[in-house]
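Residue numbers (full-length UniProt numbering): 1 to 1265.
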């Protein structure tokens, strides 16, 4: 009557299709316990303890005297706009409640809007005074109506995890909504159960409601007018209640039961399967699929939510546009059009699609993908179910993709290598053999016509369509259903369909020919019941191929193999069944593209899921990584080294086809085997290689390569031990993967792993908590994944993973037997391997986590006078306190208002005694007992205790006339606060003097241990001293230029600058004309030699003449450096014309063709520090030699040469005081082999020299310099 399941009361299915495991507790039949016919009351069975008894009393409808009417209350809801953090308006569902003093928003909604939360810790009180403790803050939000920009309200809402359950509790009849069709409702979907995001309380209720209301019927809610529209609130009559009533009665629960339930509540539970997308998809399949009388399956489409007629509105328009584009493409390619037409004709002929009789809900666009392998052209029509219509909704978006039912291709290939007689077969058109239920075909409509002149026809696809996201799940789920239903009597068929099938390819076999043929027959028989046919048979056993028609077998030639064998592909790997081996084949381009895109394109063609050819593929991946590190453009040229390596790799690549990897591992069902693994790492990457050793097989054919895994090293550099650890982790995961894939087909006796890193082996023998986080996590994973794995050491020469971690050229890999066969010792029994290498001690291992010891330091002695900040104030306070002591009151004599010297000394003595008792208690006891002083630093001071109990310093000044306090100062500790006050006092008394003065003054009365450290602390804490002693930070000098530090001959690299102007006389006559001259200074960058040239003016011609004289005597320099700005003193304008102007620079650079001219940036004199120093030195000597004299050209040139000689005679290294050392090295040694000394003066110095003798004047200037 109510359409509910008798077992679980669900409205989604009937009792025969109910999957719930619960049954009646009275009769164990498939109906709910409450529906059990009345009779003797029995106890409900269960797993609970005996004391946890629940009695259930049931009432029959005849026992109910009156059928009661029930009403529910509809709460007012409205759809409103709320502004999010980005300023956009979002639509939320709000509950209007005037009884709430606050407004509330859910935490999920606040996060979705991105609102900033303010902290709120006070709980909110709810109904019956119950406190809501989980208040997650408070937010400020802005709301407004959906269809109006005003009013805009600011609401302060508290954030709670949830507000209430979804409202209304049950979906209301649509007729109620029709009664209010003439009103603009605030919540048009008020009758549909939906969550509440926001509660608007009494704080905004008055601003929301306007006071109007409309009553339609007494059994219907009342409509209240608001700014959001009409809000419906009030009671609703829901008709009759259920006929049966139950009254559960619970007895007292035992203490054990309470504890059991308590711990069960603490255990986290996973979400029920029905609550997940995968569980819902599985439930839809179980409830909706059906099997036709022909045996074929018809399945539903698993929609995420019920779809309406408007969900995919106008999807036909999108399909028409895509189809017209397809027609234009087909019109330009007749062959493609013919193939496309043949495909659609076949699709229609086979009944996989038919002409639609009703309009479709969703139209799937389609297009073609062509593949030309040189022999023929193949076409595959792709149905694009992800195409979005104008509403933004696509079919794939509305469907559940379903759980992953497909076993990984690696596991299938590993298991495939264990069959002696193996075969592969494809399920012909598997997707198209599974029908879609008729009610779902409206969502699989397509458009097609043979010619643009024909009418566009709607077709509906009747089968599972590739391009729909749930198609793989539906196809594989049908295979699982066939295995579960039809494969019960055929365990090998069930195993093949569940574990050895990849999409539509079955890879299986048997140990004998009879069993293999029997499995083939069983597969054909079982799949034929469901309308599935096996084609494309390939096998290494002729009897299997002979059992099927010849056209059902596949034959395919190789791409560039040299032999005439016949091979096929098994899940992407080339398999040659006749000789039963795997091979690597690639279709290479005639002229490869040497770009980053071309390298990546060819590398992506490698498909090697088992990693059999990993060393060569790793080298290609490494070259790809090098292109990224070199920042190559996608279509730009490659660096020369990368291009050379890649060209050689491409040339040698065809040689990989000569490798023959045996498919069969020489095993039998249940045979005993060892699993061996090797790992290694390099700076390029790391690798793991796994072998299988069969114990019962002959020695030469007992070890087989299972596969290899490689990884490139990250761009962020890692240490080699860390890379080796990553290799070990990769190996242990690969071993575990292989071990699980082998399953129970073989018996793995033991697992061994080898590495050539002793550090990693030592890490694995120590608890992982010992190391840092990076190492600890990986060591823990290695120890947890395969705890029974035995790790051993192997040398690098015997490690087959070494080639895979570094990469190997394709020409070298086929000949590298260590990789294909493994090291020789693994063919021996583990007992014959010998003793393994010793591990490193933990103290020698890197990455050890430092151990933090919690040490509780001994509290320093506390001194009661530490509260004082002034020495004098402390002494006076103590002296006055001692006046009022009881002992002091008994003293005779008159007490003066002024403190006496005796009182001050007594106060100081009391403070000193307390300080010494705190810091020198052990020393005091040793001195009182006349014992040897245990502290050597204190023993050197010869301490003793005076008559007043104060510890003083001894010494050798006992017979001197100095005061007793000076001869034997008081001993104080540097940690005593009294020492700090004393140093602080003398620092202020001595006017903030330094340590020497303070030490001298303090040690007249006190001997403070480590006095200088105490004084240093006081000076660093003194703000006055710190402020005046502060120094500006000196920046670090940059590295010297390369021209300053590279070896070259003198004046190969020079710097040029001008000095001047200077005055010079034209003639020797008294009234001769005076004019300005300049000095061009050339400084050698290598040996700091100086060359001076006299220049008549600041012109380009004059400078070029000086430069020619310099070149004639010193040689042509290779590089010249000069200023290029306004940094020439006294000649800014002329110098800009000389060097900075383009014409002058052009002249200079064109004349000096064999040298390079470097100009400093403008206004940057610090770039020419070397020649600026030479200018300063030359001007310093000239001003002291010439003085106020005005010399002629000849005299000036002579003085200039002497100044040049002096500058080139300066020592380049510090002078030594050792008489055995040689003379100092000068620039002159690099020029003439010795210092440049001038000629001795021609006349002795005489004060009465005649002024007309110019040479005597010149000599005198030199001698008096």
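Positions of the beta carbon are idealized from the N, C-alpha and C atoms, including for glycine.
Enclosing beta strand (DSSP E) for residue i [first to last residue]
i           : result
residue 393 : Per DSSP, residue 393 belongs to no beta strand (DSSP E) and is neither H nor E.
residue 536 : 534-539
residue 175 : Here residue 175 belongs to no beta strand (DSSP E); instead the alpha helix (DSSP H) covers 174-179.
residue 929 : It is not in any beta strand (DSSP E) - residue 929 carries neither H nor E in the DSSP assignment.
residue 977 : Counting along the chain, residue 977 falls outside any beta strand (DSSP E), though it belongs to the alpha helix (DSSP H) covering 977-989.
residue 213 : 209-215
Exposed unless 16 or more other CB atoms sit within 10 angstroms - verdict on residue i
i            : result
residue 589  : exposed
residue 1166 : exposed
residue 421  : buried
residue 1075 : exposed
residue 1026 : exposed
residue 713  : buried
residue 473  : buried
residue 1122 : buried
residue 350  : exposed
residue 685  : buried
residue 196  : buried
residue 451  : exposed
residue 187  : buried
Beta carbon of residue i nearer than 8 Å to that of residue j
i            : j            : result
residue 695  : residue 675  : no
residue 1111 : residue 1208 : no
residue 1177 : residue 1094 : no
residue 431  : residue 471  : yes
residue 954  : residue 968  : yes
residue 191  : residue 146  : no
residue 117  : residue 159  : yes
residue 596  : residue 568  : no
residue 502  : residue 409  : yes
residue 539  : residue 423  : yes
residue 465  : residue 343  : no
residue 425  : residue 291  : no
residue 1008 : residue 975  : no
residue 915  : residue 847  : no
residue 735  : residue 751  : yes
Extent of the continuous alpha helix (DSSP H) run through residue i
i            : result
residue 911  : 901-919
residue 363  : That residue, residue 363, is in no alpha helix (DSSP H); it is neither H nor E in DSSP.
residue 498  : 491-499
residue 415  : 409-416
residue 445  : No alpha helix (DSSP H) contains residue 445, which is instead part of the beta strand (DSSP E) from 445-448.
residue 283  : 277-288
residue 1101 : 1100-1114
residue 1169 : 1169-1186
Which residues DSSP lists as bridging residue i, in chain order
i            : result
residue 687  : 680 and 710
residue 848  : 771
residue 1011 : None; residue 1011 has no bridge partner.
residue 763  : The partner list for residue 763 (beta bridge, DSSP) is empty, contrary to what the question assumes.
residue 1064 : 1075 and 1191
residue 505  : 426 and 502
residue 229  : 226
residue 235  : 73
Self-check item: the segment 314-321 contacting the segment 494-501, beta-carbon criterion three pairs below 8 Å
Solution: Segments in contact, no.
Quiz item: Touching or not, the segment 576-590 and the segment 647-661, by the rule of three or more beta carbon pairs under 8 Å?
Solution: The segment 576-590 vs the segment 647-661: in contact.
Quiz prompt | Inter-stretch contact (C-beta, 8 Å, three-pair minimum) for the segment 1047-1066 and the segment 1099-1117 | solution = Yes, the segment 1047-1066 touches the segment 1099-1117.
Quiz item: Are three or more beta carbon pairs between the segment 195-214 and the segment 160-173 nearer than 8 Å?
Solution: Two segments are said to touch when three or more pairs of C-beta atoms, one from each, lie closer than 8 Å; by this definition the segment 195-214 touches the segment 160-173.
Quiz item: Counting pairs of Cβ atoms below 8 Å between the segment 1013-1027 and the segment 1041-1051, do you hit three or more?
Solution: Put simply, the segment 1013-1027 does not touch the segment 1041-1051. Fewer than three CB pairs are less than 8 Å apart.
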